[in-house]
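K.L.:
Residue numbers (the numbering used here): 1 to 290.
#1: Am I right that residue 137 and residue 165 are in contact with their C-beta atoms under 8 angstroms? What's the rounded C-beta distance?
#2: Under 8 angstroms Cβ to Cβ from residue 231, same chain only, skipping five residues before and after it: list those, please.
#3: To the nearest angstrom, how far is the alpha carbon of residue 279 from that of residue 50?
#4: Secondary structure at residue 282, three-state DSSP: helix, strand or coil?
#5: Could you name each continuous beta strand (DSSP E) segment of 3 residues or more that falls completely within the region 160-189, going from the start of the chain to the end?
#6: Going by beta-carbon coordinates alone, are residue 274 and residue 111 separated by less than 9 angstroms?
#7: Touching or not, the region 113-131 and the region 192-199, by the rule of three or more beta carbon pairs under 8 angstroms?
#8: Could you spell out where the beta strand (DSSP E) holding residue 213 opens and where it closes?
#9: Measuring CA to CA, which of 235, 149 and 237 is closest to residue 173?
#10: Go to residue 84, then tell me how far its alpha helix (DSSP H) extends in each direction, as first and last residue.
#11: Can you check whether the CB of residue 236 is closer than 9 angstroms to the CB of residue 189?
#12: By Cβ distance below 8 angstroms, which residues in the same chain neighbour residue 54 in space, the five residues on each side in sequence not counted?
#13: Counting C-beta neighbours from all protein chains within 10 Å, is the total for residue 141 16 or more, i.e. buried, or is it exposed?
#14: Using 8 angstroms for Cβ pairs, my map puts residue 253 next to residue 228. What's the rounded Cβ distance?
#15: Given that a residue counts as buried once 16 or more other Cβ atoms are within 10 Å of its Cβ, and exposed if not, what is residue 238?
#16: Hey, is the region 256-269 in contact with the region 82-92, meaning 3+ C-beta pairs nearer than 8 angstroms?
#17: From which residue to which residue does the alpha helix (DSSP H) around residue 137 run?
#18: With respect to 8 angstroms, is the separation between the Cβ of residue 272 and the closest non-hydrogen atom of the ligand FMN below this value?
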């Protein structure tokens, strides 16, 4: 495999660094204590072996990630707020995107903030999370040739976050590299309802009757009106933290996706965890509903 595919993942931010970090500073660089020499060497050998075992023609084109466990990660470390976990999770997201890019994955969708979160989360935690997502959008949009797209509704999002997402989209609109979908203010059922509503409005303006529209309505037409219109459906959906549910994520697009649930919490994901998910995916026989 090319040397560029063998870079070690950066360290997860230390607990001490996160306790003292400013509100929007999740890009801490305090090094994590290294593994003993023997274990560190074994990790590197194992990672290289995993990489070399992956058949290039069997890797997913589109990976969707449900990032879960940030709050639990913070509680386990007795950190004073969940925001510390969200900062650590955001730092890990950037590493994850680099792994995807190096392996040739072309599309990644990250579930960062659901519509349910907007009404169900504590307001102070939500304020911190929104600021972290805005910073993440800014950082990802600065990567050479990565394209950022907001998938979700602006409804309920603060203007500052909408502006940050719009800016990231505009800055990267002409980029042709890794396509990063940031699912913010996202709900799968809402997306489907919005797609059907858009079709009705579009054909209503043309004078079409309900009967006319009903005759035209197909899965392909609905797909053209989803947030991810023009993109391939996810081949692989990964969820961290051991939870095994979709939580209203890409309900339409994941009809024929493969699913992989890993025990690691969001901030604790290692590159070998991701490589294991890809190895598992490569070994499956996809039926696409047949």
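Just so it is clear, CB atoms sit at the ideal spot from N, CA and C, and this is done for glycine as well. All of these numbers come straight from a predicted model, not from anything done at the bench.
P.N.:
Let me spell this out:
#1: Their Cβ separation, rounded to whole angstroms, is 6 angstroms, which keeps residue 137 and residue 165 in contact under 8 angstroms.
#2: 62, 107, 179 and 181
#3: 8 angstroms
#4: helix
#5: The qualifying runs are 179-186.
#6: no
#7: no
#8: From DSSP, residue 213 is part of no beta strand (DSSP E) but of the alpha helix (DSSP H) over 210-216.
#9: Considering only alpha carbons, the answer is 149.
#10: 83-103 is the extent of the alpha helix (DSSP H) around residue 84.
#11: no
#12: 103, 275, 278, 279 and 282
#13: buried
#14: 6 angstroms
#15: buried
#16: As far as the Cβ criterion goes, the region 256-269 touches the region 82-92, which means the pair count is three or higher.
#17: 123-141
#18: You won't find the ligand FMN in this model; it holds no ligand whatsoever.
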